[in-house]
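Residue numbers (my numbering): 24 to 434.
Note that CB positions come from ideal geometry on N, CA and C, so glycine has one too.
First comes the structure, then the notes that go with it.
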């Protein structure tokens, strides 16, 4: 890669890592927020869902902006906006203001994926390497960011930790604006008409969407929604589940693991990095849809084992969490490859816009569902429900594999 490529990848990678650091730090703060604002899991689940829904559904309009305006400036706005969101969160005196902060964060974060991927794909000459480094940065943010936050929460108040998270956003946002990057030539985004004045054709957007879903993408969209519901449903309250189990342990075990729920959660995310590697390895060796069938069956099995536990303890939750991390994050490269396989080249960008909207937008309802179930029942019921979601996803994947609904002339 040349110097311009390296600058582009560096800017996008730092921003990508921050997005996922913030996204997966929020579940660590949920148990603290429940105590601070005296709310139950149903209420906090709804509040968090609002932010996560915007994180996902904002991907579609953000994709349109990415084809119409300077993507580097949009990345800077996204990162700085996330920082503003965490300023509001750190100062929030009530659950209402906390919700406002999460709304600002979610709306700002939603801008990143379409703009960051667009910048790399249009600017970097070695796009494969650029996207690989970009993906690694996201994995580092996913695993290391929450781990560092967990360490800080041991010594500092949650408000102070939230305020500290503003600093990297401010730094990355300013650097993004200042680092010189040669502007790429204006191109179409694969089906979306872009005019020289920086506008877009809404009629073409509608036509491209209709063409995409007419070619079997509706089945893929159902899969990514199921993926999102499972992903958000499992991760949002997992630290709270760990904390509840630890406090109910025997005195010796409780003392040994007291205050470690955040570490257990961060460990799950670290295992996820290995899971993503395994998923990427499978993409090059098997039909991605066949891989999805296997992974969703694995997720269903692990969830069923969680649900079947009659006496939850650290000793049985940790091994299952390791398996969960491998399957949960190993599924993501397989799903991304499937989206590419089942969309034509002229709607590829749009297909990923809908994918992010499904996973992070509609899928965000998983947080509300999980919060409601944990309020009304137990974590065994939650994992039973998640097992059902995974079984449905496995069935849909198998039908997709057998039907081979791609039927697209251009890949």
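Exercise for the section: Determine the closest residue to residue 142 out of 43, 185, 88, with distance taken between C-alpha atoms. Expected result: 88
Handout entry: Alpha-carbon spacing of residue 93 relative to residue 81, whole angstroms
Key = 18 Å
Problem - Ranges of the beta strand (DSSP E) found wholly within the region 44 to 113, counting only runs of at least 3 - result: none
Exercise for the section: Please report how far the alpha carbon of residue 343 lies from the alpha carbon of residue 250, in whole angstroms. Expected result: 19 Å
Problem - CA nearest to the CA of residue 320, picked from 409, 310, 38 - result: 409
Practice task
Decide yes or no for the touch test of the region 129 to 140 against the region 31 to 41: beta carbon pairs closer than 8 Å, at least 3 of them.
Solution key: yes
Exercise for the section: Entirely within the region 263 to 351 and at least 4 residues each: give me those alpha helix (DSSP H) ranges in chain order. Expected result: 274 to 280, 284 to 306, 311 to 331
Practice task
Determine contact between the region 56 to 64 and the region 388 to 408, defined as no fewer than three beta-carbon pairs at a distance below 8 Å.
Solution key: yes
Exercise for the section: Could you tell me which of 302, 406, 99, 421 sits nearest to residue 255, measuring between CA atoms? Expected result: 406
Problem - Neighbourhood of residue 166 by C-beta distance below 6 Å, restricted to the same chain and skipping five residues each side - result: 292, 293, 296
Problem - With 16 other Cβ atoms within 10 Å as the buried cut-off, status of residue 162 - result: buried
Problem - residue 363 in three-state terms, based on DSSP - result: helix
Handout entry: Through-space distance from residue 125 to residue 417, alpha-carbon basis
Key = 33 Å
Problem - the region 99 to 118 in contact with the region 183 to 192 per 3-pair CB rule at 8 Å - result: yes
Handout entry: Nonlocal neighbours in the same chain, by C-beta distance under 6 Å from residue 232, ignoring five residues either side
Key = none
Handout entry: Buried versus exposed, by CB contacts within 10 Å (16 or more), residue 95
Key = buried
Practice task
Compare the C-alpha of residue 437 against each of 364, 323, 268, 376 and name the closest.
Solution key: There is no way to answer for residue 437, as the model of the chain reaches only from 24 to 434.
Handout entry: Contacts around residue 274, its chain only, beta-carbon distance under 7 Å, and the 5 residues preceding and following it disregarded
Key = Low confidence applies here, because residue 274 scores a pLDDT of 48, under 50, leaving its location unreliable; read the following figure in that light. So the list is empty, once near-sequence residues are dropped.
Handout entry: alpha helix (DSSP H) segment containing residue 441, residue limits
Key = For residue 441 there is no data in the structure shown, the boundaries of the chain being 24 and 434.
Practice task
State buried or exposed for residue 334, treating a residue as buried only when at least 16 other CB atoms are found within 10 Å of its CB.
Solution key: exposed
Practice task
From the DSSP output, in three-state form, read off residue 138 for me.
Solution key: helix
Practice task
Give the DSSP-derived three-state secondary structure of residue 358 in the structure shown.
Solution key: helix
Handout entry: Beta-carbon proximity of residue 26 to residue 170, cut-off 8 Å
Key = no
Practice task
Check residue 27 in the structure and name its three-state DSSP category.
Solution key: helix
Practice task
Report back the beta-carbon spacing between residue 247 and residue 381 to the nearest angstrom; my notes put them in contact at under 8 Å.
Solution key: 4 Å
Problem - Sub-8 Å separation of residue 173 and residue 51 beta-carbons - result: yes
Handout entry: Nearest neighbour of residue 201, chosen from 98, 84, 286, 86 [CA to CA]
Key = 98
Exercise for the section: Kindly give me the distance between the Cβ atoms of residue 423 and residue 358, rounded to whole angstroms, as I take these residues to be in contact under 8 Å. Expected result: Contact doesn't hold; Cβ gap of about 12 Å is too wide.
Problem - For residue 129, the nearest candidate out of 140, 194, 46 (CA to CA) - result: 46
Handout entry: Nearest-angstrom Cα separation, counted from residue 401 out to residue 199
Key = 45 Å
Problem - 8 Å contact criterion, which residue 305 and residue 419 should meet: CB distance rounded - result: That pair is no contact at about 19 Å.
Practice task
Assign residue 131 to one of three DSSP states: helix, strand, or coil.
Solution key: helix
Exercise for the section: Determine the DSSP secondary structure at residue 197, reduced to helix, strand or coil. Expected result: helix
Exercise for the section: Using beta-carbon positions only, say whether residue 387 and residue 76 come within less than 8 Å of one another. Expected result: yes
Problem - Buried or exposed (CB count within 10 angstroms, at least 16 for buried), residue 354 - result: buried
Practice task
Can you tell me which of 308, 322, 117 puts its alpha carbon nearest to the alpha carbon of residue 414?
Solution key: 322
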